[in-house]
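In full-length UniProt numbering, the protein residues as written are 1 to 263.
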């Protein structure tokens, strides 16, 4: 073994810098050590499981609370009061229910990173179906809001109408922005707007939960229930979506191999 003088670099083992620490390279310029990358496979599987649970909950909610009331096309089974002087009230309601169901299911598909990455054609098709469902859902809900406003002049009724109107505007606005960003290939903004849009779509699920809670309160005025449903669900879902976006903003987008980010 050749002789080496003590104190040379070979006598020392390289020391791995701590995550986040500042080290100095041979150039003399400080740089920050790169943190260990996360296990993307584990994170992706965890997100896929949560999305699967969400999809099951959505389908179960539709099967339990929506389909039984409207599958027979019987106006007597409608969840809301119908206006006698407007014969198209129930058909408009059916359009809103049908497009809402389509939007809820396709919205769950849109959230899947695996579908977006491996099946880009399916992602685009379900995205278009989702956007058209939102369009017809908005047109029908505008009619329903106007009919509802004609029947009440009380403060709670007005609060309900304003809440539903703001909800509808945000629902349409986030979806339209998401579609425009996709056409411009601005995928980060597209993802952000579509998460907000799907959050607003799924917010209606709280209506039955709040209704069951309202029925458990003796002598409860249902006008308060309708006012609460017009505001609480979509506000809470927007906050959840904002939290989720802030939590995942640093993760790379799962784009198809044929798609490149916009420069």
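Every residue gets a Cβ at the ideal spot worked out from N, C-alpha and C, and that includes glycine. None of these values were measured; they are calculated from a predicted model.
I want to know whether the region 96-109 touches the region 140-155 - three or more CB-CB distances under 8 Å. The answer is yes - the region 140-155 touches the region 96-109, with three or more Cβ pairs under 8 Å.
Pick helix, strand or coil for residue 32, following the three-state DSSP scheme. Here residue 32 corresponds to residue number 32 of the chain shown, with the count starting at 1. Caution applies to residue 32, whose pLDDT of 49 falls short of 50 and renders its modelled position unreliable; the model cannot decide the point.
What residue from 121, 249, 162 and 235 has the CA that sits closest to residue 191's CA? Translated into the one-based positions of the chain shown, residue 191 becomes position 191. It is 249 whose Cα lies nearest to the Cα of residue 191.
Out of 224, 235, 214 and 197, which one is the CA nearest neighbour of residue 111? Within the chain shown, numbered from 1, the residue matching residue 111 stands at position 111. If we check each option's Cα against that of residue 111, 197 comes out closest.
Report the three-state DSSP secondary structure of residue 83 (helix, strand or coil). Mapped onto the chain shown, residue 83 falls at position 83. The answer is coil: DSSP assigns residue 83 none of H, G, I, E or B.
DSSP three-state assignment for residue 243, whether helix, strand or coil: Here residue 243 is taken as the residue at index 243 of the chain shown, counted from 1. The answer is helix: DSSP assigns residue 243 an H, G or I state.
What are the boundary residues of the alpha helix (DSSP H) that residue 124 is part of? Along the chain shown, one-based indexing puts residue 124 at 124. Per DSSP, residue 124 belongs to the alpha helix (DSSP H) from 120-151.
Return yes when the Cβ of residue 160 is within less than 8 Å of the Cβ of residue 214, no when it is not. Working through the chain shown from its first residue, we reach residue 214 at position 214. Working through the chain shown from its first residue, we reach residue 160 at position 160. Result no, Cβ atoms of residue 214 and residue 160 do not sit closer than 8 Å.
Count the other CB atoms within 10 Å of the CB of residue 126; is the residue buried (16 or more) or exposed (fewer)? Stepping through the chain shown from its first residue, residue 126 is reached at position 126. Flag for residue 126 reads buried.
Inter-stretch contact at 8 Å, needing at least 3 Cβ pairs: the region 208-222 / the region 165-185: They do not touch, by the three-pair rule.
Residue 72 classed as buried or exposed, judged by whether at least 16 other C-beta atoms fall within 10 angstroms: Within the chain shown, the letter at position 72 stands for residue 72. Exposed, by the Cβ-count rule.
Determine the DSSP secondary structure at residue 218, reduced to helix, strand or coil. Locating residue 218 in the chain shown gives position 218, where the first residue counts as 1. If DSSP states are grouped into helix, strand and coil, residue 218 belongs with coil.
With C-beta atoms as the reference, is residue 89 less than 8 Å away from residue 147? Position 89 of the chain shown, counted from the start, is the residue given in the question as residue 89. Position 147 of the chain shown, counted from the start, is the residue given in the question as residue 147. Cβ atoms of residue 89 and residue 147: closer than 8 Å.
I'd like to check one pair, residue 104 with residue 174: are the Cβ atoms closer than 8 Å? As a working note, residue 174 is residue 174 in the chain shown. As a working note, residue 104 is residue 104 in the chain shown. No, Cβ-Cβ distance for residue 174 and residue 104 is not below 8 Å.
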